[in-house]
Amino acid sequence: MRKNMDLILPVLSTKETVKLRSDYPNIEHLEAGNTAAWLQERLDQLLIRAKEERAGMNLAKFLTLGTAATGAVCYATSPLAPIGALVAFAGYIWSLAQDINDTHQFAPIPFIRGNLIEFLSAMGDSEARADWFNNQNALVDLMCHLEPMERFEFAMLKQSAHILTDYLAQVSSGKRFYAYRWILDWFIQLKGNFPSPEQLHGHLATVTVDPRINEEQVMAIQESITNTEIGIPAARFTALPVPKFVDLPTAGGVLAKSRVNFDLISAMSVRIQNHLIIGQQGSGKGLIISNVLDEIKQRHPDTTIFYIDPKGDEKETGYFTGRVDVLKRAKVLEWNPSKTVEWFKATIKEFQAIPGQKLLILDEATYLSSLMKNEGEGNWFKTVIMGLVSVGDSAGWNIWIVALNPNTDDIGVSGGVRSQFIPLALMTADNLAPYTALISTQWLPKDKKLPTEDIQQLCGQSAVKRCYYYGKFNEWLPLPKMPNFSGYDRDSRRLLADGNEANQAIQDTVHPGSVYELSEPIAEPLNQLTDKGCSDLSQSSPGRFTPLNLTREQVLGMIEILRTELNQTEMIERLWQCKKGGSAAWKEAYAQFKELMGDH
5 MRKNMDLILP VLSTKETVKL RSDYPNIEHL EAGNTAAWLQ ERLDQLLIRA KEERAGMNLA
65 KFLTLGTAAT GAVCYATSPL APIGALVAFA GYIWSLAQDI NDTHQFAPIP FIRGNLIEFL
125 SAMGDSEARA DWFNNQNALV DLMCHLEPME RFEFAMLKQS AHILTDYLAQ VSSGKRFYAY
185 RWILDWFIQL KGNFPSPEQL HGHLATVTVD PRINEEQVMA IQESITNTEI GIPAARFTAL
245 PVPKFVDLPT AGGVLAKSRV NFDLISAMSV RIQNHLIIGQ QGSGKGLIIS NVLDEIKQRH
305 PDTTIFYIDP KGDEKETGYF TGRVDVLKRA KVLEWNPSKT VEWFKATIKE FQAIPGQKLL
365 ILDEATYLSS LMKNEGEGNW FKTVIMGLVS VGDSAGWNIW IVALNPNTDD IGVSGGVRSQ
425 FIPLALMTAD NLAPYTALIS TQWLPKDKKL PTEDIQQLCG QSAVKRCYYY GKFNEWLPLP
485 KMPNFSGYDR DSRRLLADGN EANQAIQDTV HPGSVYELSE PIAEPLNQLT DKGCSDLSQS
545 SPGRFTPLNL TREQVLGMIE ILRTELNQTE MIERLWQCKK GGSAAWKEAY AQFKELMGDH
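The opening position of the sequence shown corresponds to residue 5 in this note's numbering, with each subsequent residue numbered one higher.
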């Protein structure tokens with residue numbers, strides 16, 4: 005026993021990670037529950053660091069450039085002036101190279117960052133100059149001077165500190181710093197979005213307490229916080245007089261529209277079309293989709309609804325019951341990537357085998373596309389999406405893509421493909437960070453990229469504190485309250501009235517083994533890409549083209565869409581999944597392309 009007590013445990017940290025951990029505010033404060041103050045301290049630390057880096061970089065460029073210019077002008081007054089100018093210019097080049105390496109931007113003029121040509125052209129006109137300076141984003145400029153990981157961390161803390169506080173408050177002491185780093189990693193991977201609380205808790209269940217945490221300091225901080233809160237008198241509030249408002253006549257606008265009956269559910273269900281549904285987690289995507297599907301089953305009973313759900317959240321089962329014909333579910337975060345790829349390919353093949361009119365709903369498309377890209381299947385994923393879009397209404401095939409953010413290039417929705425989708429964007433009052441990402445894309449017309457204050461006001465007019473933009477309406481509107489078929493309120497994180505009975509009824513109708521079931525396809529109207537890729541082109545059916553075995557009309561439709569953004573070689577590589585060269589696959593693909601274009 006004495007021997008075990010004297011045993012010194014090995015240290016987990018390395019000299020590199022000790023330096024990394026010391027760069028953060030005192031971690032024991034975070035583990036003790038002082039979460040909000042710790043996050044604010046970290047944000048201030050990154051802000052000051054960025055300011056110091058920017059000031060040092062600008063000062064270095066200013067001094068070296070000024071010295072070089074002075075030496076060049078005064079070369080006749082002293083023989084040392086040209087030498088000084090050369091040395092200073094070398095220092096300027098070094099400062100500029102270091103700035104490019106750190107920020108990945110070319111900013112040769114001190115204190116000015118952005119497009120150099122636009123800056124120079126704007127300086128000649130007072131109004132253009134004022135517009136140029138007004139359009140500069142000081143925070144984005146500061147973020148450029150941080151390390152790559154720190155840039156994402158700064159954005160996460162600046163935009164979503166309240167969400168992080170809620171997340172970390174639910175994590176037990178000893179695991180909070182690990183949870184913070186884990187959330188940051190997923191924030192980067194999901195391109196500005198957070199994993200769900202359920203995913204966080206599920207992962208932390210397998211994580212042990214960090215042995216590097218000083219438990220004595222944690223307990224002392226917790227006692228200090230408790231003692232500080234004792235004896236604080238309750239705040240007194242006095243109600244202010246309520247102002248009186250008078251409705252003034254307006255000429256119209258986003259917040260003063262004529263009373264037009266905008267029925268989102270009816271507009272999405274009256275005719276089934278391709279949609280891109282964008283919204284952060286908890287924004288109401290599943291609730292809206294379930295209401296639209298409920299209407300579609302009445303309007304279009306012959307249409308097969310095929311839903312791919314990679315989350316596998318049992319609380320959302322009510323969304324699908326009675327509204328989805330084929331539900332393919334999996335908790336892919338618990339799987340290895342290769343298993344997820346195999347599962348996803350099998351579900352797509354099963355969907356393609358279903359005859360007649362059908363609608364594919366692809367949930368969590370952002371995560372799936374990133375995973376497929378990392379596994380070397382990114383082009384396959386894009387080609388499948390392109391194939392489904394090209395089939396379109398002519399064959400009664402449609403697709404709804406559900407994504408966390410509007411950056412859809414990895415999904416295969418860019419350029420000409422974008423015009424084949426009707427966008428539906430959802431925003432919540434408590435987090436407008438996704439709106440900033442949305443207005444930086446081409447999904448919205450310029451006149452619909454409203455100030456964030458207008459979006460906040462529209463959310464305030466909604467009973468559920470949300471607003472939406474729908475392409476058919478070309479308007480931003482408050483989101484009305486809708487029936488919640490899941491029986492679970494994500495805002496309050498509790499079951500609704502009679503939710504237990506509803507969920508039990510749902511579970512009684514769903515076979516336990518159906519969640520992860522992989523059905524065999526009953527036919528093969530579109531062949532899946534094999535490991536041999538384009539080597540199977542010679543075996544395609546007569547009158548069919550590409551490894552997806554598409555008809556002539558389908559391939560020509562895809563070519564017409566891609567023509568605006570890709571050249572001939574890139575189109576062949578994208579559609580036939582092979583690289584340019586002397587291989588048999590390329591020759592066969594090129595011959596098929598020429599055959600198609602010669603007949604067209």
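C-beta: ideal position from N, C-alpha, C; glycine also.
Below 7 Å, is the gap between the Cβ of residue i and the nearest heavy atom of the ligand COA?
i	result
Thr307	Absent from the structure shown: the ligand COA. Ligands present: none.
If we ignore side chains and look at the alpha-carbon of each, how far apart do residue i and residue j end up?
i	j	result
Asn3	Met431	In this structure the chain extends from 5 to 604, so residue 3 is not present and cannot be described.
Ile187	Glu564	41 Å
Asn43	Gln424	This sequence places Leu at residue 43; Asn is not what is there. Answer to the nearest angstrom: the Cα atoms are 42 Å apart.
Leu392	Ala94	56 Å
Asp267	Phe477	10 Å
Gly158	Leu50	The sequence shown places Phe at residue 158, not Gly. Those two C-alpha atoms are separated by around 7 Å.
Ala369	Phe385	10 Å
Val388	Ser373	11 Å
Ala593	Thr351	27 Å
Leu483	Tyr323	18 Å
Gln163	Tyr439	11 Å
Asn383	Asn411	17 Å
Ala209	Thr555	50 Å
Ser418	Met562	13 Å
His207	Ile167	18 Å
Pro112	Leu454	33 Å
Phe597	Ser587	15 Å
Ala183	Glu346	30 Å
Asp298	Arg185	40 Å
Leu259	Gln461	With a pLDDT of only 47 at Leu259, under 50, the local geometry of the prediction cannot be trusted, and the value read off the model is given with reservation. Their Cα atoms are separated by approximately 8 Å.
Ala73	Leu47	39 Å
Met601	Lys335	44 Å
Glu599	Met390	20 Å
Asp329	Thr308	6 Å
Per DSSP, which one or two residues make a beta bridge with residue i?
i	result
Cys471	Met431 and Pro482
His279	Trp404 and Ile426
Phe310	Val330 and Leu364
State buried or exposed for residue i, treating a residue as buried only when at least 16 other CB atoms are found within 10 Å of its CB.
i	result
His515	Only weak support is given to the placement of His515: the predicted model assigns it a pLDDT of 36, under 50, and the question is left unresolved by the model.
Lys7	In this prediction, Lys7 has a pLDDT of 49, which is less than 50 and means its spatial position is unreliable; nothing more can be read from the coordinates.
Leu16	exposed
Lys362	buried
Val22	exposed
Asp414	buried
Val77	exposed
Lys343	exposed
Thr571	The question names Thr, but residue 571 is Asn in the sequence shown. Counting Cβ neighbours within 10 Å, Asn571 comes out exposed, since fewer than 16 surround it.
Thr321	buried
Ala41	exposed
Val3	In this structure the chain extends from 5 to 604, so residue 3 is not present and cannot be described.
Glu381	buried
Ser228	exposed
Lys19	exposed
Ala595	exposed
Asp103	buried
I'd like to check one pair, residue j with residue i: are the Cβ atoms closer than 8 Å?
i	j	result
Asn435	Gln284	yes
Pro86	Gly70	no
Gln203	Leu337	yes
Gln226	Gly464	no
Trp404	Ile365	yes
Leu3	Ile312	Outside the shown range of the chain, which is 5 to 604, sits residue 3, and nothing can be said about it.
Pro114	Lys65	yes
Trp480	Lys452	yes
Lys315	Asp367	yes
Leu280	Met486	no
Arg327	Ser273	no
Arg53	Leu150	yes
Quick test of your reading: residue i and residue j, contact by CB under 8 Å. State the CB separation rounded to the nearest angstrom.
i	j	result
Thr573	Lys584	5 Å
Met61	Ser99	7 Å
Phe310	Ile358	7 Å
Val468	Gly178	The Cβ separation is near 37 Å, so there is no contact.
Asn218	Glu32	6 Å
Glu45	Arg180	Glu45 to Arg180, Cβ: 14 Å. No contact.
Is residue i close to chain C? Criterion is C-beta to C-beta, closer than 8 Å.
i	result
Met575	Among the chains of the structure shown, chain C does not appear; only one protein chain is present.
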